[in-house]
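The structure appears below as structure tokens.
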């Protein structure tokens, strides 16, 4: 029940976030614009997932598009903030490893990919940690967003990387549902922090260089 309610709320908030961030798209900084486009992407994925769920159709085929798209957009967001040249080769290596995996194991394109999620979210969490340390020694923006990324991506690494092990334990459905609900709650907090970022820093029309 909690899982369903949270999914419904997150789907609505994802659309709301995409709309409010796009309202301030013009005149804002490159990182803001990249993150806004990322939110539009997430909103479209959430809507599609919800439609498939309502029709009781398998939506796992969307999963690779979700986590790879998320990795590319959020990596571009942190690249625009950190401006480290080594980030591009890292991104290409991660993508190459995913392509290699999908070529060798094509069945993973239609199933949950624990490796893909773990590696992409680990890299993003590392970028967020670097940006956090940088914010301690100088002016920084997007602190609420960065806090949300650190919280959700770091904890979800543990959740997704251990998913196969949890499944192998044959735990009761109630326990697995509770674990799903914990992940949903963390994602909900992530969404709220993104909303707080907009409300505190971008609600009124002003430019950010």
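Numbering (the numbering used here), first residue to last: 19 to 227. Virtual Cβ for every residue (Gly too), placed ideally from N, Cα, C. Keep in mind it's a predicted model, so treat the numbers as computed, not measured.
Alpha carbon to alpha carbon, how far is residue i from residue j?
i: residue 158; j: residue 48; result: 14 Å
i: residue 169; j: residue 208; result: 7 Å
i: residue 22; j: residue 142; result: 27 Å
i: residue 164; j: residue 210; result: 12 Å
i: residue 80; j: residue 67; result: 8 Å
i: residue 128; j: residue 156; result: 44 Å
i: residue 59; j: residue 102; result: 25 Å
i: residue 55; j: residue 90; result: 11 Å
i: residue 70; j: residue 25; result: 13 Å
i: residue 121; j: residue 74; result: 29 Å
i: residue 166; j: residue 154; result: 17 Å
i: residue 135; j: residue 175; result: 7 Å
i: residue 104; j: residue 111; result: 11 Å
i: residue 76; j: residue 63; result: 14 Å
i: residue 150; j: residue 219; result: 18 Å
i: residue 78; j: residue 106; result: 28 Å
i: residue 42; j: residue 123; result: 42 Å
i: residue 204; j: residue 216; result: 19 Å
i: residue 9; j: residue 113; result: One cannot answer for residue 9 here, as it falls past the ends of the chain, which runs 19 to 227.
i: residue 140; j: residue 147; result: 10 Å
Residue i and residue j: beta carbons closer than 8 Å?
i: residue 61; j: residue 36; result: yes
i: residue 119; j: residue 126; result: yes
i: residue 85; j: residue 172; result: no
i: residue 83; j: residue 57; result: no
i: residue 145; j: residue 96; result: yes
i: residue 28; j: residue 65; result: no
Compare the Cα-Cα distances from residue i to each of the options and report the closest residue.
i: residue 132; options: 90, 116, 144 and 147; result: 116
i: residue 99; options: 50, 114 and 176; result: 50
i: residue 178; options: 215, 130 and 212; result: 130
i: residue 160; options: 87, 31, 213 and 88; result: 213
i: residue 222; options: 45, 30 and 31; result: 45
i: residue 52; options: 202, 31, 152 and 92; result: 92
- Item | 4-residue-minimum alpha helix (DSSP H) runs that sit fully inside the region 72-131, ordered along the chain | Every alpha helix (DSSP H) stretch that sits fully inside the region 72-131 and reaches 4 residues is listed by chain position as 81-100 and 105-122.
Checklist entry - Counting only runs that start and end within the region 27-75, where is the beta strand (DSSP E) found for 3 or more residues in a row? => result Runs of the beta strand (DSSP E) lying entirely within the region 27-75, each at least 3 residues long, are absent.
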